[in-house]
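My numbering runs 670 ahead of the 1-based position in the sequence shown.
All C-beta atoms, glycine included, are put in the ideal place defined by N, C-alpha and C.
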Amino acid sequence: MRMKAAVLYEPRKPLVVEEVELDPPRAGEALVKMVATGVCHSDIHYYTGDQKRQLPVVLGHEGAGIVEKVGEGVTTVKPGDHVVLTFLPSCGKCHWCHTGQPNMCDLGAKLRAGFMIDGTTRMHRAKDGLDLHHFLFVSTYAQYSIVPEASMVVVPDWLPLERLCLFGCGFTTGFGAATNAAHIRPGETVTIVGCGGLGLAAVQGAKLSGAGKIIAVDVHEEKLTLARKFGATHTIVNRHNVDEVFKEIQEITWGVGTDYSMEFVGFDQSDETLDIAFRAIRKGGTMLMVGVGALSKKTLPISPADLTHWRKRIHGVLFGDAQFRTDIPRYVDMYHKGQINLDDMVTQEMRLEDINTAFENVLAGNKVARQVIRF
Ligand code: CXF
Ligand code: ZN
671 MRMKAAVLYE PRKPLVVEEV ELDPPRAGEA LVKMVATGVC HSDIHYYTGD
721 QKRQLPVVLG HEGAGIVEKV GEGVTTVKPG DHVVLTFLPS CGKCHWCHTG
771 QPNMCDLGAK LRAGFMIDGT TRMHRAKDGL DLHHFLFVST YAQYSIVPEA
821 SMVVVPDWLP LERLCLFGCG FTTGFGAATN AAHIRPGETV TIVGCGGLGL
871 AAVQGAKLSG AGKIIAVDVH EEKLTLARKF GATHTIVNRH NVDEVFKEIQ
921 EITWGVGTDY SMEFVGFDQS DETLDIAFRA IRKGGTMLMV GVGALSKKTL
971 PISPADLTHW RKRIHGVLFG DAQFRTDIPR YVDMYHKGQI NLDDMVTQEM
1021 RLEDINTAFE NVLAGNKVAR QVIRF
C-alpha cells in the first residue's frame, strides 16, 4: 500500500515527507494506522548524527494508532484495536521478560539494525523502490507502520490517542523513574534536572508519590512555570553556575540535599547538568540517569572519592523501569480519572508536514514540553 512518511536521508538535512510503499504485515506483525505521535527529543540524536543509524530511515518512536490488519500467529491484537506503540519491545518469553524486566527484553538487541525482527524492511521509497530503514520497530513519523506484536499495548478506544501516545516513551520514562526506579515515598525529596516531557512526567510521579519537596531545575523559565503547574514545590533557573544551583538546593533542604535526583536533559546533557544532579543528593542519596546523552560522551564529571565518601548511588533507568504491558493500562486509567495530566504536557499539535519545524522547536529548547503530530 501507499502512504506518506517523513524520511531522514542525511544528518541535519530536512526530513522529506514523501510517498512510501509499505509491505503487508508478516508473521508476528500488524499494520497500524497511525493516529498520533509525540516528538520525543531522543530522535534528535539521529537527526544530528550523534547516534548513527542506517539511512535512509523513518524516525519517530512515541506513537499510537489503530490496528488494521494482523499477520500470521498474532493473538494479542486484532483489527480495530487501539494501541500504544512502545519504543522497546517485550516478547514475554525471554529471561528478562520473565524476571520482571521487559525493558531489557532480548529483542532489544535487534533494534539497532533498523529492520524488523526478521532482519528485513517493509518500507520502500515509492518512486524507485529504494529500501528504507525502520526505527525501533515502530517508525511513527508515517501514516501507517508495520509493528511487531511485541511493541504494542492495547488501550481503551474511548480515550484520545493524541494523548495516550505519550505513554509509548516520554511519560512512562519520566513517571516510571519517579515511581518505579526511585520509588519515592511520602515526604521524600527530589531534584529534577531538565523539565521537558520526561522531567514534567517525573514531577507528576513525585507529586502523586507524596514527595515533600520537588525541586525543578532548568535553563528555561518557561519550563519551570510548567513544572510548578505539575507540582514542583521549588524551581531553580540554571544560569550555568553549578555552585549557585547547589547553594539553592542546600538552602531549600536545610543543608542536607535531596534523597533523589534525576537527570533528564537528553541531547543537551553536559558535565554541568550531571554535576548538578550528583551534587544535589544527600549523603547516601541516589542519582538516577534517565535522559540519554550523546553517545560520544564517555565520562562522568564525578570524583570517585566523593562517590565513596558520601556513599552516593548512581542508577541508570531505561523506559522508567516500567512493567510497560501492565503499567501503561494503569496509567491510562489514571489519565481517565484525572490523576495524570497529559493535556497540559502537549504544548503544540502539528501535522506530519510540520516535522522539520517540530525538530527546530526541540533544538531551540524553550518552546515546548511535548509536540504531538496528528495524522
Ligand atoms: C531512547 C533511548 C535510546 C534509543 C532511542 C530512544 N529512549 C527514549 O527516548
Ligand atoms: Zn523517546
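Residue j beta carbon less than 8 Å from that of residue i
| i | j | result |
| --- | --- | --- |
| E918 | M959 | no |
| R995 | V823 | yes |
| A812 | V747 | no |
| E699 | V825 | no |
| Q993 | G963 | no |
| C839 | F937 | no |
| V915 | I906 | yes |
| G927 | A950 | yes |
| I972 | V754 | no |
| T861 | I885 | yes |
| V1016 | R833 | yes |
| E858 | V744 | no |
| G866 | K893 | yes |
| V887 | V863 | yes |
| P759 | S809 | no |
| N1011 | F900 | yes |
| I1025 | L725 | no |
| D776 | L965 | no |
| E942 | L836 | no |
| F948 | N773 | no |
| A796 | E689 | yes |
Residues of its chain near residue i, where Cβ-Cβ distance is below 7 Å and the 5 sequence neighbours each way are ignored
| i | result |
| --- | --- |
| T791 | F785, D801, L802, H803, H804 |
| L1022 | K674, A676, V687, Y811, I1043, F1045 |
| L692 | M671, M673, R792, M793, Y814, I816 |
| R898 | T905 |
| P695 | L701, K739, V740, G741, I816 |
| L831 | V705, A706, A734, G735, H752 |
| C767 | S760, C761, C775 |
| A697 | G741, E742, G743 |
| L617 | With the chain covering only 671 through 1045, there is no way to say anything about residue 617. |
| D827 | H752 |
Close beta carbons around residue i, own chain, < 6 Å, minus the five adjacent residues each side
| i | result |
| --- | --- |
| R723 | Y716, G784 |
| G954 | R981 |
| G735 | V702, K703, M704, V705 |
| G799 | none |
| V666 | A question about residue 666 goes unanswered here, because the residues of the chain that appear run from 671 up to 1045. |
| V935 | G864, T943, G961 |
| Y930 | A852, V860, T956 |
Own chain residues within Cβ distance below 8 Å of residue i, not counting five before or after
| i | result |
| --- | --- |
| H985 | A851, T956, M957, L958, M959 |
| Q1009 | L878 |
| T718 | P681, R682, F937 |
| K883 | T859, V860, T903, H904, I922, T923, T928 |
| G778 | L758, P759 |
| D945 | V912, P971, I972 |
| R782 | R723 |
| H765 | D776 |
| P749 | V737, E738, K739, V740 |
| G770 | Q993 |
| E1019 | E832, Q1041, V1042, I1043, R1044 |
| D1013 | R833 |
Three CB pairs or more closer than 8 Å across the segment 1002-1011 and the segment 977-991: No, they do not touch.
Pocket of ligand 2 defined by Cβ to heavy atom distance under 5 Å: Having a Cβ closer than 5 Å to some heavy atom of ligand 2 are C710, S712, C839.
Meets three-Cβ-pair contact criterion under 8 Å: the segment 909-921 and the segment 874-884: Taking a contact to require three or more Cβ pairs closer than 8 Å, the segment 909-921 and the segment 874-884 do not qualify as touching.
Segments assigned alpha helix (DSSP H), at least 4 residues, entirely inside the segment 859-908: The segment 859-908 is shown to contain whole alpha helix (DSSP H) runs of 4 or more residues at 867-878, 891-900, in chain order.
Three CB pairs or more closer than 8 Å across the segment 1027-1036 and the segment 694-714: Output reads yes: the segment 694-714 touches the segment 1027-1036.
Meets three-Cβ-pair contact criterion under 8 Å: the segment 829-845 and the segment 863-875: Touching, yes, given that three or more Cβ pairs across the two stretches are closer than 8 Å.
Whole runs of the alpha helix (DSSP H) within the segment 781-856, excluding any shorter than 4 residues: Taking only runs of at least 4 residues, the alpha helix (DSSP H) segments lying wholly in the segment 781-856 are 831-834, 840-846.
Length-filtered (3 minimum) beta strand (DSSP E) runs lying within the segment 979-1039: If you keep only unbroken beta strand (DSSP E) runs of at least 3 residues inside the segment 979-1039, you get 983-986, 1016-1020.
Residue ranges of each beta strand (DSSP E) within the segment 896-979, 3 or longer: Fully enclosed beta strand (DSSP E) runs of 3 or longer: 904-907, 928-933, 951-959.
Residue ranges of each beta strand (DSSP E) within the segment 701-759, 3 or longer: As far as the segment 701-759 is concerned, its whole beta strand (DSSP E) runs of at least 3 residues are 733-740, 752-755.
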